[in-house]
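Protein chains in written order, with the working numbering: chain W, 14 to 125; chain U, 37 to 151.
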């Protein structure tokens, strides 16, 4: 069963606006990651945040993690048409044989 | 793309036939994974490998088997394909840096249609 549940399922915004996507999960985690998937392509890793971190930045990406609420958010600032893609959160329990558990994804459309 | 290729990229087959999908990596990574992606389900783990001849089941392993006889190749076999196995299959590797990490890099995918 899915560990992560993203919200909303679909998001449509204008170029230049910020996009906020949320992920909730059920069990304890070691880290949470966000991936992007362009249509017809494989997933690409965007950012990883560990359970002892609260916020992390990478370029136009900002991710937060609230372990007390078992939730994370991904903010994309000043969105571009090229940000149009599906975004997935994935959780990991950690350890040598740790596996990722993915959510169902959010479809982001950025209108030019 | 972390040197990951998948073959074939597209395949159409008939119910009951065996199918083998190949994942090949060029960078000697220990951990490899097979996922399937279906609308409304996201990515689900089928099998994974943590070394040559070391494999384990994932969330949706029924009807699938895997083999890893050398580091660079991870094969996924559908012994007798069913229409419910129509999906897009992704291979991934796990890359370790200075510390253990769970970050995975994905191949381009194989679109399999079972008629």
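We put the beta carbon where it would ideally sit given N, CA and C, even for glycine.
Run of the beta strand (DSSP E) containing residue i, from where it starts to where it stops
{"i": "residue 87/U", "result": "78-87"}
{"i": "residue 48/W", "result": "44-50"}
{"i": "residue 69/W", "result": "68-71"}
{"i": "residue 94/W", "result": "No beta strand (DSSP E) holds residue 94/W; DSSP gives it neither H nor E."}
{"i": "residue 75/W", "result": "74-79"}
{"i": "residue 55/U", "result": "55-61"}
Beta-carbon proximity check, residue i vs residue j, cutoff 8 Å
{"i": "residue 152/U", "j": "residue 116/W", "result": "Because chain U is modelled from 37 through 151, residue 152/U falls outside the range shown and cannot be assessed."}
{"i": "residue 116/U", "j": "residue 54/U", "result": "yes"}
{"i": "residue 10/W", "j": "residue 63/W", "result": "For chain W, the structure presents residues 14 to 125; residue 10/W sits outside this window and is missing."}
{"i": "residue 80/W", "j": "residue 68/W", "result": "no"}
{"i": "residue 61/W", "j": "residue 139/U", "result": "yes"}
{"i": "residue 93/W", "j": "residue 57/W", "result": "no"}
{"i": "residue 76/U", "j": "residue 61/U", "result": "no"}
{"i": "residue 103/W", "j": "residue 113/W", "result": "yes"}
Nonlocal neighbours in the same chain, by C-beta distance under 6 Å from residue i, ignoring five residues either side
{"i": "residue 22/W", "result": "none"}
{"i": "residue 99/W", "result": "50, 118, 120"}
{"i": "residue 46/U", "result": "147"}
{"i": "residue 52/U", "result": "116"}
Residues of its chain near residue i, where Cβ-Cβ distance is below 8 Å and the 5 sequence neighbours each way are ignored
{"i": "residue 86/U", "result": "66, 67, 92"}
Nonlocal neighbours in the same chain, by C-beta distance under 7 Å from residue i, ignoring five residues either side
{"i": "residue 73/W", "result": "89, 90, 91"}
{"i": "residue 41/U", "result": "60, 143"}
Between the stretch 55-82 of chain U and chain W, which residues of the former have a C-beta closer than 7 Å to a C-beta of the latter? 76, 77, 78, 79, 81
Is the stretch 56-66 of chain U touching the stretch 100-113 of chain U, taking contact as three or more C-beta pairs under 8 Å? yes
Closer than 7 Å, Cβ to any Cβ of chain W: which residues of the stretch 98-128 of chain U, in chain order? 126
Chain U contacts made by the stretch 43-60 of chain W, where a contact means CB separation under 9 Å: 43, 44, 46, 48, 50, 53, 54, 55, 56, 57, 58
According to a CB-to-CB cut-off of less than 9 Å, which residues of the stretch 73-91 of chain W neighbour chain U? none
Check each residue of the stretch 39-52 of chain U: if its Cβ is closer than 7 Å to any Cβ of chain W, include it; give the result in chain order. none
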